[in-house]
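Here the structure comes first, spelled out in structure tokens, and everything after it is commentary.
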Amino acid sequence: MAGKSGRSISNVPEKAIRKNILSWEGMLVVVFILMVIFCRSISPNFHLENVLREMPKYLAEAFIMLPMAYVLILGEIDISVGATVCLSATMTCMACNKELPFIAVVLVCLLVGTACGLINGLVLTNFTELPPMIVTLATQIIFRGIAEISLGSGGSVSLTNTDGFRMIAGKVGIIPYIFFLVVILAVIFAVVLAKTTFGRSVYAIGSNRLAAYYAGIPVQRIRLIIYTALGFMSGLAALFLTSVLYGANTTTGNGFEMDAIAMAVFGGISTAGGKGRLAGGIISAFVIIMLRIGLGQINMNPQLILVILGALLILAVLLPNIAGELKVKKKAANTK
Amino acid sequence: MSDYILELKGITKIFPGVKALDNVHFQLKPGEVHALMGENGAGKSTFIKVITGVHKAEEGEMFLEGKKVDFKGPRDAQAAGIAAVYQHPTSYPDLTVAENIFMGHEVIKSGMIQWREMNKRAAELLAQLDAEFKPTDEMGALSVAHQQMVEIAKALSMNAKIIILDEPTAALTKNESEKLYKIVDKLKEEGVSIIFISHRFEDMYRLADRVTVFRDSQYIGTYDVDGITNADLIKAMVGREISDLFPKPDVQIGAEVLRVEDLSRTGFYKNVSFNVHAGEIVGLTGLVGAGRTEVVESVCGITKPDSGKVYLEGKQVHIKKPVDAMRKGIILLPEDRQKEGLILSWGLGQNVTLPTMGKYAKAGFNDNKKERDIAKKLLEEVDTKAVTIFDPASSLSGGNQQKVVVAKALGQEMKVVIMDEPTKGVDVGAKAEIYQIMGDLAKQGYGIILISSEMPEILGMSDRIVVMCNGKVTGELNREEASQEGILELAMEKSK
Amino acid sequence: MKENKSILKKITGSREASLLIVLIILCIAITAKSPSFMTFKSITDMLKNNVVIMIMALGMLGVLLVGGIDISVASVLGFTGMIVGMLMKYEVVTSTPLLFVIAVAIGLVCGCVTGLVIAYGKVLPIIATMGFMYIYRGLAYVISNSEWASAENLGTFKDFALGKVLGLNNVIWVMIIIYVIFFIVMKWTKIGRKVYAVGSNREAAAISGISTKRIDVLVYTVMGTLSGLCGALAVSIYASAQPNMLYAKEMDVIAACVIGGVSMQGGRGSVVGAFLGSLILAIIAKALPLVGIESIAQNTVKGIIIMAVIILNVLAQRAMDRSNLKGREM
């Protein structure tokens, strides 16, 4: 019964090398280089060794960005990650101070994070009518609230024994372990997203949830896995954050949700869902980390850095929207 | 003064990539009821939106009572006395009936909304229409028929001279339709001119003075309802004799593949039983809202039935999710291609392989090369008009989009293919091709369930016809004994 | 008999009525534990301490009605409050009315920018306001230069929150006046109903000629304006201006609305609901220590209440849908 008209449909993918250079990721590489040059020019201390030394604190956020990119591609959002980090870090410090073996401390950290993610996931998949924004808004208050209760009136906890954490904060040469871990996890997350049926399903859900469901994709199971993974990675972030800060307080993890979302959005991942690649998110994570280190070195007010990041986040969404709008208008004018 | 209260000349409306209206004419006499007919996708709804100022036509002129008008938006049309009651009521479910009626022209005295006065006037309007609900009821709690009455009351409240009804009877029961007819009669007596769109010949004969037919975005003609026959109209709408359209092949019907027994879901359907054999096309028909789609959605695991059994090749199966249905060999090609069938922003190839990518994948990794080959083969098999498999699905016409949806079913070892309104919004040429594919599938031994509201399609393609009404199966007809009248009788609510 | 039934149904069916019942039960329970609760002073103190949340809940009502959200409100408050504090401290402006005007104007501009970015820049409300939350809070720190304005800096400005008219504190009067204005605007004016229309069915509203974008900008601008006003009020009430003023209190504002029956999907909610919701939240905060829950657990309790309320709403909706279906003739 094949093609009565004998029409042939090409299935040869275009090979576009030029396209790659002009892509969003290509632009981000240029932005990254410009950012390094900029930081060098404003701060005399901005050289490789220093940058690598200061990096772990900020790299923790890159852990969160990876699954957050999945959440955004689903067309959803999770604003409870900062609170998850706070709760995990708090529990970790308390477990450590109870003189548990270090491996148990690590397990506590990851378990608390995973549990937080699982709670979000279970609520969202059992009550699909609820928007993720409001659910994670509520769990954010609860997670941070539990941390507040655990921390008591002092509002902070310090490690009494930092041995274990010194170990994970170690280095190979001048490169900290966390750098390798971020790179490995980034590759895994990027490959899963781009190459596997799981990744394709995530895009399908973000592009058209109903069509994906009708096509037999287990929408709710995938959402549950992603939210739980986000919790787990927040726990991992908390672990490495603790290895830098040697303690936790009620404001630990503040703003992590915005940073993670900003990294992903700046990397070309659409907040409307269905679009973007993780490569962009990873490069932009390093752009933002460079910016933070550079501005930190010249002792800029950390609050001002947050102002800059907030503005970057809004502009990263706003400018493409405006550009798109202008394009549509121009097209409309042309067709007339 | 012109003879016509409303006249449109040479209207052309272009959407990106498609001409939705091509040099269309229309004339409405004062006080007449004018039916606008044509197949789905013929351009009727777009035309209505041009009249009401929602869309702006690229070319053409519009005259209201002989004066040229140029509506910049819906507001202008409303102010000029044109009101539309859309197929899906465009109401505010959270607000009261009175508020819905007076939205945009509230009763205001010194800046304050006069609720009491507004409720009083709304009650008067509703009394005119013999409505049984109150102005203070919440809109969202009303039935579709009642919501429509609110919309008509809204049109009256604006003193509309022209009221447009877009498929007003589509979601109504027979009694409710009768009531609507009476309302239209009353409006006509009061000198209101009415344009209505409908797919039901019954509506047209009962109500209209004249009928205008559109086909494939073009104007075909305007006829007096007295003296026109069904056949003439169908020919005008379809553009050819029906018999050529349905290439139903003779197929040896095999063993039973699917049997549904006493399936029930509260509020949707009750005690539904039917079966399908290999190589058989079973038409499932009934009016919109009869529960057809709801039944097959439960068979495919999209919704959960309260009770009943489903057998596949004689063995009882428990299908809880769409993926279960697909693994067992049942696929549903949903009615709404754009919302449920396709990912419009994706290429055709990935759309086709979406349900089956897991099958080709190795250890969870997609086999892109193999997927491309399969997509090419399947898309060529259904003769999709596309250049490459990377063209976005949004770039295709409705008919070709439907072919892509069908190709999804071909990619896997299926036993039963359920097609829900496969030719809705598809042009005539592509329709014939879809029927061809349907016939080929039957030849290959698939059991096919065809859900459709279009009578010719059901009669032309089905081996057996199952008719539903109000959530129940009201009858089953063989190909030989089936007739349009016979089906309609079963599909309509039995008047008590 | 039929009449009685419908009245009963009206009471149990209306969200506001059931909130009122919850409120009364709460009050009775607390009075039983601590008889001093039901005194005039105790109630006015509680109102005074919660004026800011109660006023901002009105702005949030508008934002939620059109289906948006604004989590930058506490930051706008901190920013304007800090400006007021600094202006007083360095004696640039000392006139109380003028300071209020400045705070309101700055809040208005902040809200308007947010609204423009959301409506015309098509940035999701949660993303846009998350950005502005950090921007305005950061700016509060930047202009404060890490200083505070304490009571002695604030001179006559703090007297506003101490003054009384007809035995009632000024700030409570401000709250009452704003509530009355909102009640009238939302119920009896065209603009108020347009907000409901946009939230209930945005597409239909656009077709019937309502400029939905302008309504969006309007609600965020009103939200900003009220946050600005609350910035000045908070400085006066607490007699100090700090850059981290009311940090994270946007959650209380949203919680008040959610408890008050404002739908997160838009279209549903009332001024009375927002009032009762914020009042219930205030009373719960006051009641926690009485039932042995330390004040440190307040946030957790609030979070759990929000979660419980939204899940209960879903369950109630599901039950209603089910009973509607059962009633459908077959």
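Protein chains in written order, with full-length UniProt numbering: chain A, 1 to 336; chain B, 1 to 496; chain C, 1 to 330.
For every residue, glycine included, the Cβ atom is placed at its ideal position computed from N, Cα and C.
On a predicted model such as this, the values are computed, not experimentally measured, just so you know.
Residues near residue i in its chain [Cβ-Cβ closer than 8 Å; skip 5 each side]
| i | result |
| --- | --- |
| alanine 197/C | Ala204, Ala205, Ser208 and Ile210 |
| glycine 324/A | none |
| leucine 100/A | Val108 |
| tyrosine 136/C | Ser72, Ser75, Val76, Gly78, Phe79 and Cys110 |
| glycine 3/A | Only weak support is given to the placement of glycine 3/A: the predicted model assigns it a pLDDT of 46, under 50, and the value that follows is read from those uncertain coordinates. The answer is none, since no qualifying residue turns up. |
Residue i and residue j closer than 7 Å at C-beta
| i | j | result |
| --- | --- | --- |
| serine 144/C | methionine 82/C | yes |
| alanine 149/C | alanine 241/C | yes |
| proline 74/B | valine 50/B | no |
| isoleucine 149/A | isoleucine 296/C | yes |
| glycine 228/C | alanine 103/C | yes |
| phenylalanine 196/B | leucine 233/B | no |
| glutamate 340/B | tyrosine 214/A | yes |
| leucine 441/B | glycine 283/B | no |
| methionine 251/C | methionine 54/C | no |
| isoleucine 9/A | lysine 9/B | no |
| leucine 490/B | glycine 471/B | no |
| lysine 190/C | glutamate 99/B | no |
| threonine 139/A | isoleucine 79/A | no |
Chain-ordered neighbours of residue i on chain A, where CB pairs are closer than 7 Å
| i | result |
| --- | --- |
| asparagine 366/B | Lys195, Thr196, Thr197 and Arg200 |
| isoleucine 343/B | Ala204, Ser207, Asn208 and Ala211 |
| phenylalanine 79/C | Those do not exist, as phenylalanine 79/C stays about 11 Å from chain A at its closest Cβ, beyond 7 Å. |
Chain-ordered chain C contacts of residue i [CB-CB under 7 Å]
| i | result |
| --- | --- |
| valine 317/A | Val123 and Ile127 |
| isoleucine 77/A | Ile126 |
| proline 176/A | Within chain C, no residue comes near proline 176/A; the closest Cβ sits about 27 Å away, beyond 7 Å. |
| valine 54/B | Ile207 |
Cross-chain neighbours of residue i in chain C, by beta carbon under 9 Å
| i | result |
| --- | --- |
| glutamate 99/B | Arg193, Tyr196 and Ala197 |
| isoleucine 113/B | Lys187, Trp188, Thr189, Lys190, Gly192 and Arg193 |
| glutamate 61/A | The contacting residues do not exist; glutamate 61/A stays about 14 Å from chain C at best. |
beta-carbon residue i near the ligand NAP non-hydrogen atom, thresh 6 Å
| i | result |
| --- | --- |
| histidine 146/B | In the structure on display, the ligand NAP does not appear, and there are no ligands present to speak of. |
Cut-off 6 Å between Cβ atoms - residues of its own chain near residue i, not counting five sequence neighbours on either side
| i | result |
| --- | --- |
| alanine 287/C | Ile30 |
| residue 343/A | As shown, chain A starts at 1 and ends at 336. That puts residue 343/A outside it, with no answer to give. |
| threonine 356/B | Gly411 and Gln412 |
| aspartate 224/B | Arg210 |
| alanine 430/B | Gly399 |
| lysine 154/B | Ile101 |
Chain E contact residues for residue i, given Cβ-Cβ distances below 8 Å
| i | result |
| --- | --- |
| threonine 300/C | The displayed structure is made up of protein chains A, B and C, and chain E is not among them. |
Residue from the options with nearest C-alpha to residue i
| i | options | result |
| --- | --- | --- |
| glycine 447/B | Ile487/B, Leu342/B, Ile374/B and His277/B | His277/B |
| methionine 326/B | Arg337/B, Ile302/B, Asp306/B and Gly314/B | Ile302/B |
| valine 217/C | Ile118/C, Thr80/C, Val93/C and Ile55/C | Ile118/C |
| arginine 53/A | Lys98/A, Ile134/A, Ala212/A and Ile178/A | Ile178/A |
| serine 88/A | Thr252/A, Phe46/A, Lys330/A and Val287/A | Thr252/A |
| methionine 35/A | Glu99/A, Ala169/A and Ile288/A | Ile288/A |
| phenylalanine 275/C | Val63/C, Leu26/C and Phe183/C | Phe183/C |
| alanine 186/A | Ser201/A, Met233/A, Ile217/A and Ile146/A | Met233/A |
| glutamate 152/C | Tyr90/C, Ser14/C and Ala140/C | Tyr90/C |
| serine 323/C | Phe268/B, Val272/B and Lys174/B | Phe268/B |
Partner residues on chain C for residue i, Cβ-Cβ distance less than 8 Å
| i | result |
| --- | --- |
| serine 91/B | Asn201 and Ala204 |
| proline 74/B | Ile207, Ser208 and Gly209 |
Spatial neighbours of residue i in its chain, beta-carbon cut-off 7 Å, leaving aside the 5 residues before and after
| i | result |
| --- | --- |
| threonine 212/C | Val198, Arg202, Ala205 and Ala206 |
| arginine 15/C | Gly261 and Gly273 |
Contact set between residue i and chain B, taken where Cβ atoms lie within less than 8 Å
| i | result |
| --- | --- |
| asparagine 126/A | Chain B residues near asparagine 126/A: none, gap ~15 Å exceeds 8 Å. |
Residue i: contacting residues in chain A (beta-carbon distance under 8 Å)
| i | result |
| --- | --- |
| leucine 379/B | Ile9 |
* Uninterrupted alpha helix (DSSP H) stretches inside the stretch 307 to 342 of chain B (no shorter than 4 residues) -> 322 to 328
* Which ranges would you report for the alpha helix (DSSP H) in the stretch 187 to 223 of chain B if only whole runs of at least 4 residues count? -> 201 to 207
* **alpha helix (DSSP H) runs wholly inside the stretch 185 to 249 of chain A, at least 4 long, in chain order** => 197 to 207, 209 to 214 and 219 to 245
* Could you give the uninterrupted runs of the beta strand (DSSP E) lying entirely in the stretch 45 to 112 of chain B, keeping only those of 3 residues or more? -> 59 to 64, 67 to 69 and 82 to 85
* **Within the stretch 395 to 440 of chain B, ranges of the beta strand (DSSP E) (whole runs, at least 3 residues)** => 416 to 420
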